[in-house]
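Chemist:
Chains as they are written, first to last, in this note's numbering: chain A, 481 to 886; chain B, 481 to 886.
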């Protein structure tokens, strides 16, 4: 196998749903192409992090790519900032941030400032602020969201969120989670910045206008999920693979960038259920000679699972099945289809249920699995694996695994 | 079970081969005796080191015997020197070595000195040399190969190979891989020895004669794979088993010796596909009262896999099947058949593909597996195990496992 195509169908796994005849959306869907891959290859059940662990998309993807999330994950912040394309440096403390509304007593009235979209004026007013040698770097994200980075010496991610995560309570004053001087310094500088930002924001023309219109003021930055930029080896360094990330969602492109993958823009890829999946498959074929590892991310099944929309999830899976048809003709490619976690429609949230995985290609082993779904794959020959096994298996099937011993 | 017979069929596992009807050599072979063992016993799939890890024969055997290769394996050297029956002491630095040919600028002309066979004169001239308190111990191996040991205080295996692993480049001057004084001392002493050996070898009568005949001079010792002799508990100490190693290949006898097994010579056992396997089985029966653990090694399937000779591999497997027939009558023996790794004919190299394992005997559990092969065993009741599980399972089936708790 000269190439590997790893397709992650986010949130694909599910639980049996009565309205689908006690089948999961994947079992209920018509998936002739996925089934063909299962017939040609070996299947299994996989827990991306570990049995009984309910992974986030971020930790699950780290694990699937071979970076132990217990080592490399220390908060969502760096994944958000990477996801919106911010340049990050080793040691940066990164946050998820919202533009929100507080009253004069700093009680949170609206965590999203009326779902404000136009935050560019705020970013321009605050980006580059320096306090006590620490630089604050801001970038507009989707809607009310900002990317937020603290850059400087002696910083620690070990501080609590200023975001109280609910409304009608006072914002949390940043403070350290441990008694290190780094954490205390970080909390103190962050507090100074948030105070200053509140004052600056309150006077922006944007807010004078919002006040006139009766809209919630965009007058506070709520930060959460502090994390330090992890120092990840790139796919080239770690596996000697030339890797490309074909994704719409910012988080996935961000993770791709963090591990040194190229992240071309795919026209029509929205990171939502309406995403044009055929365009992603076309991108694989267009770039086929340039790379030997293709990470393809399909987001929709997760969003539909979180909406509890099992019919929509089933239809989306059928859309995946149609989109991947051209890949079945590639004779020199190992095709791996799996998920980062389950998102059962009944839960409307991620679960720890294992996910199906199939590894398919000419000349590799096969087994008796006929259909690609949670239940049949669990009987497959790969057995029950962890996400950490996936890249070693892929490298071995590509003939690239290093010999341990002689 | 009073006895355990562990038969390792080196490189047995394979991938489906079109010319064999998309079957592996093991699937294609007629193996009534192996199948009978599968019917009587419990089967499984095994990764000797771990899922996705492509093991060498050395690391795989360590793992199968219950010695974690991540702890005990630090280079091939000690396995080579043990394999040719050299006496080794704790702390010895052992190497693989070739007698090779260099020109006057120390450029390697022939890594094997024209595949020289008669190296005894070289060994006699150099064995026992002492430099800076370090003794150099040499022994003739097969063909151009030597066993090579450095013995003394303050040595480290952390030095690069003098062997450049290719021809028409200069030999590598030994140097340290780390900045420890042990590694630097070892490299310095080794360099002195190799210089001296070059001078001594150049003047040997052997080389005057080779020069006359126009043969490549045997004038340099190329060393590689430095490793320190691991301090392994013997089978007696670790498991309280009286163990014997019935093997032809030097490496396997060497590993047997490293773990304190007796290693009788088996007439007709060559370590090659032409080896007389029935003689090995006869040896088990002849020594049946003397031991309670028999490690039997069949090498051929690995060599044939590395040649890509799937027909030969299939026939060799049928030879194994015939040879083991007498074992099926042993009522008090647990018979375990497995492999150290897969050597797919299509790859002509080791792979990380799991290997079949069967544990068979009167009174132990059984399952539904009818045929001993990669695909059926993977459906067996042992599930998907690691090499590290094998000895504990064997001890338990022998009734020798220690109780954990009360």
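Built from N, CA and C at the ideal position, the CB exists for glycine as well.
Predicted, not measured: the structure shown is a model, and the values here were computed from it.
Check the Cβ-Cβ distances between residue 865(A) and every residue of chain B, and say whether any is below 8 Å.
Modeler: To locate residue 865(A), count along the first chain from 1; it is residue 385. Residue 865(A) counts as touching chain B.
Chemist: Just to confirm before moving on: does the CB-CB distance between residue 523(B) and residue 744(B) stay below 8 Å?
Modeler: Numbered from 1 along the second chain, position 43 holds the residue referred to as residue 523(B). Numbered from 1 along the second chain, position 264 holds the residue referred to as residue 744(B). Contact flag unset, no.
Chemist: Decide if the segment 718-731 of chain A is in contact with the segment 680-696 of chain A; the criterion is three or more beta carbon pairs, one per stretch, under 8 Å apart.
Modeler: No, because fewer than three Cβ pairs between the segment 718-731 of chain A and the segment 680-696 of chain A fall closer than 8 Å, the two stretches do not touch.
Chemist: Looking at the structure shown, is residue 680(B) part of a helix, part of a strand, or coil, going by DSSP?
Modeler: Here residue 680(B) refers to the residue found at position 200 when the second chain is read from its first residue. Helix, per DSSP.
Chemist: Counting along the chain, where does the beta strand (DSSP E) carrying residue 777(B) start and finish?
Modeler: For the purposes of this step, residue 777(B) is taken as the residue at position 297 of the second chain. Note, residue 777(B): beta strand (DSSP E), 773-778.
Chemist: Can you tell me which residues form a DSSP beta bridge with residue 696(A)?
Modeler: Position 216 of the first chain, counted from the first residue, corresponds to residue 696(A). In DSSP, residue 696(A) forms no bridge with anything.
Chemist: Figure out for me which residue from 515(B), 501(B) and 693(B) has the closest Cα to the Cα of residue 800(B).
Modeler: As a first step, residue 800(B) must be located in the second chain, where it is residue number 320. For residue 800(B), the nearest C-alpha among the options comes from 515(B).
Chemist: What is the rounded straight-line gap between the Cα of residue 550(B) and the Cα of residue 805(A)?
Modeler: The sequence position of residue 550(B) within the second chain is 70, counting from 1. The sequence position of residue 805(A) within the first chain is 325, counting from 1. About 42 Å.
Chemist: If you draw a straight line from the alpha carbon of residue 665(A) to that of residue 526(B), how long is it in whole angstroms?
Modeler: Residue 665(A) sits at position 185 when you count from the first residue of the first chain. Residue 526(B) sits at position 46 when you count from the first residue of the second chain. Each residue's alpha carbon lies about 52 Å from the other.
Chemist: Compile a chain-ordered list of the residues in the segment 811-841 of chain B whose CB is closer than 7 Å to at least one CB of chain A.
Modeler: Correct list: 826, 827, 830, 831, 832 and 833.
Chemist: Looking at chain A, is there any beta carbon in it that lies within less than 8 Å of the beta carbon of residue 523(B)?
Modeler: Mapped onto the second chain, residue 523(B) falls at position 43. It does not; no Cβ of chain A falls within 8 Å.
Chemist: Return yes when the Cβ of residue 820(A) is within less than 8 Å of the Cβ of residue 624(A), no when it is not.
Modeler: Taking the first residue of the first chain as 1, we reach residue 624(A) at position 144. Taking the first residue of the first chain as 1, we reach residue 820(A) at position 340. Against a cut-off of 8 Å, the Cβ pair of residue 820(A) and residue 624(A) comes out as no contact.
Chemist: I'd like the list of long-range same chain contacts for residue 508(A), defined as Cβ closer than 6 Å, with 5 residues on each side in sequence excluded.
Modeler: Your numbering for residue 508(A) matches position 28 in the first chain. So the qualifying residues of the chain are 500 and 794.
Chemist: Classify residue 706(A) as helix, strand or coil using the three-state DSSP reduction.
Modeler: Start at 1 with the first residue of the first chain, and residue 706(A) comes out as number 226. Note: residue 706(A) maps to strand in three-state DSSP.
Chemist: Across the segment 850-858 of chain B and the segment 871-882 of chain A, are there enough close Cβ pairs to call them in contact, namely three or more that are closer than 8 Å?
Modeler: No, they do not touch.
Chemist: Could you tell me which whole alpha helix (DSSP H) segments of length 4 or greater appear in the segment 721-799 of chain A?
Modeler: DSSP runs (the alpha helix (DSSP H)) wholly in the segment 721-799 of chain A: 730-738, 757-766 and 780-786.
Chemist: When DSSP builds the beta bridges, which residues end up paired with residue 489(B)?
Modeler: Along the second chain, one-based indexing puts residue 489(B) at 9. For residue 489(B), which the question treats as bridged, DSSP gives the partners 778(B).
Chemist: Would you report the Cα separation of residue 563(A) and residue 553(A), rounded to the nearest angstrom?
Modeler: For the purposes of this step, residue 563(A) is taken as the residue at position 83 of the first chain. For the purposes of this step, residue 553(A) is taken as the residue at position 73 of the first chain. Going by the C-alpha atoms only, they are around 15 Å apart.
Chemist: Can you name the residues of chain A whose CB is closer than 7 Å to the CB of residue 553(B)?
Modeler: In the second chain, counting from the first residue as 1, residue 553(B) sits at position 73. Those within 7 Å of residue 553(B) in chain A are 885.
Chemist: Just to confirm, are residue 581(B) and residue 697(B) a CB contact at a threshold of 8 Å?
Modeler: Taking the first residue of the second chain as position 1, residue 581(B) is located at position 101. Taking the first residue of the second chain as position 1, residue 697(B) is located at position 217. Result yes, Cβ atoms of residue 581(B) and residue 697(B) sit closer than 8 Å.
Chemist: Please go through the same chain and pick out, in chain order, the residues whose beta-carbon is closer than 6 Å to the beta-carbon of residue 776(B), but skip the five residues on each side of it.
Modeler: In the second chain, the residue the question calls residue 776(B) occupies position 296. Counting only Cβ-Cβ distances below 6 Å, and skipping sequence neighbours, we find 487, 726 and 760.
Chemist: At what residues does the alpha helix (DSSP H) containing residue 715(A) begin and finish?
Modeler: To locate residue 715(A), count along the first chain from 1; it is residue 235. Taken as a continuous stretch (DSSP letters only), the alpha helix (DSSP H) holding residue 715(A) covers 715-719.
Chemist: Reducing DSSP to helix, strand and coil, say where residue 568(B) ends up.
Modeler: To locate residue 568(B), count along the second chain from 1; it is residue 88. Residue 568(B): coil per DSSP, three-state reduction.
Chemist: Is residue 867(B) helix, strand or coil by DSSP?
Modeler: Residue numbering aside, residue 867(B) sits at position 387 when the second chain is read from its first letter. DSSP places residue 867(B) in helix when its eight states are reduced to three.
Chemist: To which residues of the same chain is residue 830(B) closer than 6 Å at the C-beta, ignoring the five residues directly before and after it?
Modeler: Position 350 of the second chain, counting from 1, holds the residue named residue 830(B). Cβ within range, chain order: 534, 821 and 823.
Chemist: Using a Cβ cut-off of 9 Å, which residues of the segment 743-758 of chain B contact any Cβ in chain A, in chain order?
Modeler: Going along the segment 743-758 of chain B in chain order, one finds no residue with a Cβ nearer than 9 Å to chain A.
Chemist: Within its chain, find whatever has a CB closer than 7 Å to the CB of residue 662(B); leave out the 5 residues flanking it on each side and keep chain order.
Modeler: As a position in the second chain, residue 662(B) is number 182, starting the count at 1. 634, 635 and 636.
Chemist: Assuming the contact rule is C-beta atoms closer than 8 Å, residue 603(B) and residue 619(B) should be a hit. Round their C-beta distance to whole Å, please.
Modeler: Locating residue 603(B) in the second chain gives position 123, counting from the first residue. Locating residue 619(B) in the second chain gives position 139, counting from the first residue. Indeed they touch by this definition, with Cβ atoms about 6 Å apart.
Chemist: Buried or exposed: where does residue 710(A) fall if 16 or more other Cβ atoms within 10 Å of its Cβ makes it buried?
Modeler: Indexing the first chain from 1 puts residue 710(A) at position 230. It is buried - the Cβ of residue 710(A) has at least 16 other Cβ atoms within 10 Å.
Chemist: From residue 862(B) to residue 646(B), what distance separates their C-alpha atoms?
Modeler: The count along the second chain starts at 1 and reaches residue 862(B) at position 382. The count along the second chain starts at 1 and reaches residue 646(B) at position 166. Answer to the nearest angstrom: the Cα atoms are 45 Å apart.
Chemist: Relative to the C-alpha of residue 588(A), which candidate in 723(A), 701(A), 841(A) and 659(A) has its C-alpha closest?
Modeler: The residue labelled residue 588(A) in the question sits at position 108 within the first chain. Ranking the options by Cα distance to residue 588(A), first place goes to 701(A).
Chemist: Buried or exposed: residue 840(A), going by 16 or more other Cβ atoms within 10 Å of its Cβ?
Modeler: Start at 1 with the first residue of the first chain, and residue 840(A) comes out as number 360. Counting Cβ neighbours within 10 Å, residue 840(A) comes out buried, since at least 16 surround it.
Chemist: Let me see if you follow: with CB-CB separation under 8 Å, is residue 726(A) close to chain B or not?
Modeler: Walking along the first chain from the start, residue 726(A) turns up at place 246. Cβ-Cβ to chain B under 8 Å: no for residue 726(A).
Chemist: Under 8 Å by Cβ, that's how I've got residue 642(A) and residue 703(A) pegged, so tell me the actual separation to the nearest angstrom.
Modeler: Position 162 of the first chain, counted from the start, is the residue given in the question as residue 642(A). Position 223 of the first chain, counted from the start, is the residue given in the question as residue 703(A). Indeed they touch by this definition, with Cβ atoms about 5 Å apart.
Chemist: Kindly give me the distance between the Cβ atoms of residue 825(B) and residue 867(B), rounded to whole angstroms, as I take these residues to be in contact under 8 Å.
Modeler: Taking the first residue of the second chain as 1, we reach residue 825(B) at position 345. Taking the first residue of the second chain as 1, we reach residue 867(B) at position 387. The pair is not a contact, with the Cβ atoms about 23 Å apart (cut-off 8 Å).
Chemist: Could you give the uninterrupted runs of the alpha helix (DSSP H) lying entirely in the segment 546-615 of chain B, keeping only those of 4 residues or more?
Modeler: Counting only runs of 4 or more, we get 549-552, 557-563 and 600-606.
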